[in-house]
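Read top to bottom, the protein sequences are chains A and B.
Sequential numbering from 24 applies to the first sequence in the working numbering.
Sequential numbering from 2 applies to the second sequence in the working numbering.
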Amino acid sequence: MALGPLILFSLNALSAVVALLTSYFAYRFERLANNPLLKAIAIGFMLLGVGLLVEAGTSVALGQTLVEALKSRVLAVLETFTYLSIQMLAYIVVAAGYSYIAFGRSQKAAGASVLAAASARVVDLVGLYRFAVASYFVVLVLLAFVVFQGILIHSRSRSVFSLLVLLAFVLILSAHVVLLVSVIDLAGSLFLVGTAIQFLGFASLLAFLIRSARVGPS
Amino acid sequence: MGQAEKPRSTLRINLDILNAIRDEGDAKPTHILYRANLSHDRLVKYLDELAGKGLIEVQQEGENRTYRITPKGVSFLIEIRRAETFIQGFGLAI
Chain A
24 MALGPLILFS LNALSAVVAL LTSYFAYRFE RLANNPLLKA IAIGFMLLGV
74 GLLVEAGTSV ALGQTLVEAL KSRVLAVLET FTYLSIQMLA YIVVAAGYSY
124 IAFGRSQKAA GASVLAAASA RVVDLVGLYR FAVASYFVVL VLLAFVVFQG
174 ILIHSRSRSV FSLLVLLAFV LILSAHVVLL VSVIDLAGSL FLVGTAIQFL
224 GFASLLAFLI RSARVGPS
Chain B
2 MGQAEKPRST LRINLDILNA IRDEGDAKPT HILYRANLSH DRLVKYLDEL
52 AGKGLIEVQQ EGENRTYRIT PKGVSFLIEI RRAETFIQGF GLAI
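Structure (structure tokens):
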């Protein structure tokens, strides 16, 4: 097997484990704190973890990356459509959670309609290549919103925890810029770079999980 | 005009009570009342709930009543602290 898909498999599988861990802790603490953002984080990261596992599994099974699948169209529906749809849905849920705490219940419908319009734009587009480009673009917009909220949150709290979460989302956003360019150019090596940056984002999230789990009784 | 202070959540009140009891060892109701900043009626309600869940135990000696945190209560306290730091990362407070 080529080295590319193997690296992609490793990075995505590790990122998926971190995403599922984040989802687990968000679910566990949501039961205590009963907060809608934690629920959104739990669902969003669970979807993200599943999506990353699909991407990892199919890249190793097919022996090719998403960009190569787009070129050859071999099982492209499984490789591209499933992963990108799950990923887009995951970030819609996370961004909806942030919009809920940012704008409150009264603006919930407005926030949801913006997100629905963004995803509808993708559904309108025909063709797998255009779907891939558009879905990465929508994810970029959603991540930009999440990063903006993260900056506001960190500027208020100045805690190391909010900084690690912000760093994670900034890296994931940067990764998606690279991934979007790689999909547009059908550049396989750039796609690997984007996946590596995304992995660094999940590594920051892992550092956050470890630090928050180390907290004692006082 | 200043923004009105948000009322404490039940979880935050439980955290304050458990912290007070743990710090005191054998805590008298008046000490808990002062530390948790609650009215007597509300304190009794919360203490009964915590005792019912096995998070604190009541010790009665004559007319004196004291409260002590149980091992389950210490575990719960750690869990709340972890939840607090986790949700702090996402800009929330318990």
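Note that beta-carbon positions come from the ideal geometry of N, C-alpha and C, so glycine has one too.
Here the structure is a predicted model, which means the values were calculated and not measured.
Indicate the three-state DSSP secondary structure (helix, strand or coil) for R181(A) in the structure shown. Your numbering for residue 181(A) matches position 158 in the first sequence. Three-state result, R181(A): coil.
Own chain residues within Cβ distance below 8 Å of L19(B), not counting five before or after: Numbered from its first residue, the second sequence carries residue 19(B) at position 18. Take L19(B), set aside five residues on each side of it, and the residues of its chain with a beta-carbon closer than 8 Å to its own are L51, L56, I57, I70, G74, F77, L78 and I81, in chain order.
For E53(A) and V161(A), the rounded distance between their alpha carbons: Start at 1 with the first residue of the first sequence, and residue 161(A) comes out as number 138. Start at 1 with the first residue of the first sequence, and residue 53(A) comes out as number 30. Each residue's alpha carbon lies about 27 Å from the other.
Does DSSP put T71(B) in a helix, a strand or coil? As a working note, residue 71(B) is residue 70 in the second sequence. Of the three classes helix, strand and coil, the one that applies to T71(B) here is coil, per DSSP.
Taking all protein chains shown into account, decide if N58(A) is buried (16 or more other Cβ within 10 angstroms of its Cβ) or exposed. Here residue 58(A) refers to the residue found at position 35 of the first sequence. Buried, because 16 or more other Cβ atoms sit within 10 Å of the Cβ of N58(A).
Beta-carbon proximity of L194(A) to I220(A), cut-off 8 Å: For the purposes of this step, residue 194(A) is taken as residue 171 along the first sequence, with counting starting at 1. For the purposes of this step, residue 220(A) is taken as residue 197 along the first sequence, with counting starting at 1. Result yes, Cβ atoms of L194(A) and I220(A) sit closer than 8 Å.
Contact with chain A by G90(B), beta-carbon distance below 8 Å: Within the second sequence, residue 90(B) is the residue found at index 89, counting from 1. Interface flag for G90(B) against chain A is set, since a Cβ pair is found closer than 8 Å.
Measuring straight from C-alpha to C-alpha, what distance separates L148(A) and L60(A)? Position 125 of the first sequence, counting from 1, holds the residue named residue 148(A). Position 37 of the first sequence, counting from 1, holds the residue named residue 60(A). At L148(A), the pLDDT of 47 sits below 50, so the modelled position is not reliable; the number obtained from the coordinates is stated separately. The C-alpha of L60(A) is placed about 30 Å away from the C-alpha of L148(A).
Can you name the residues of chain A whose CB is closer than 7 Å to the CB of I81(B)? The residue you call residue 81(B) lines up with position 80 of the second sequence. Simply L55.
Between F231(A) and the rest of its own chain, which residues show a CB-CB distance below 8 Å, the 5 nearest in sequence each way excluded? Stepping through the first sequence from its first residue, residue 231(A) is reached at position 208. Here the set comprises F184, L187, V188 and A191.
Going by the CB atoms, is the gap between V41(A) and L70(A) shorter than 8 Å? The count along the first sequence starts at 1 and reaches residue 70(A) at position 47. The count along the first sequence starts at 1 and reaches residue 41(A) at position 18. No; because the gap between Cβ atoms is not below 8 Å, this pair is not in contact.
Quick check on the DSSP output: the beta strand (DSSP E) that includes I57(B) runs from which residue to which? For the purposes of this step, residue 57(B) is taken as the residue at position 56 of the second sequence. Residues I57 to E62.
What whole-angstrom Cβ distance do L34(A) and F222(A) have, given they're in contact under 8 Å? On the first sequence, residue 34(A) is found 11 positions in, with the first residue counted as 1. On the first sequence, residue 222(A) is found 199 positions in, with the first residue counted as 1. Sure, about 4 Å apart at Cβ, within 8 Å.
Name the chain A residues whose beta carbon is nearer than 7 Å to that of I14(B)? As a working note, residue 14(B) is residue 13 in the second sequence. Those do not exist, as I14(B) stays about 13 Å from chain A at its closest Cβ, beyond 7 Å.
When E85(B), G90(B) and Q89(B) are compared against L55(A), the one with the closest alpha-carbon: Here the question's residue 55(A) lines up with position 32 in the first sequence. Checking every option, the nearest Cα to that of L55(A) belongs to E85(B).
Assigned secondary structure, A167(A) (DSSP; H/G/I helix, E/B strand, else coil): Numbered from 1 along the first sequence, position 144 holds the residue referred to as residue 167(A). Here A167(A) sits in helix by DSSP.
If you measure from the beta carbon of T71(B) to each beta carbon in chain A, is any gap under 8 Å? Reading the second sequence from its first residue, position 70 is the one you call residue 71(B). Contacts with chain A at 8 Å (Cβ-Cβ) do not include T71(B).
Where N35(A) meets chain B, residues with beta-carbon distance less than 8 Å: Here the question's residue 35(A) lines up with position 12 in the first sequence. Under the 8 Å cutoff, chain B gives no residues; its nearest Cβ is about 23 Å from N35(A).
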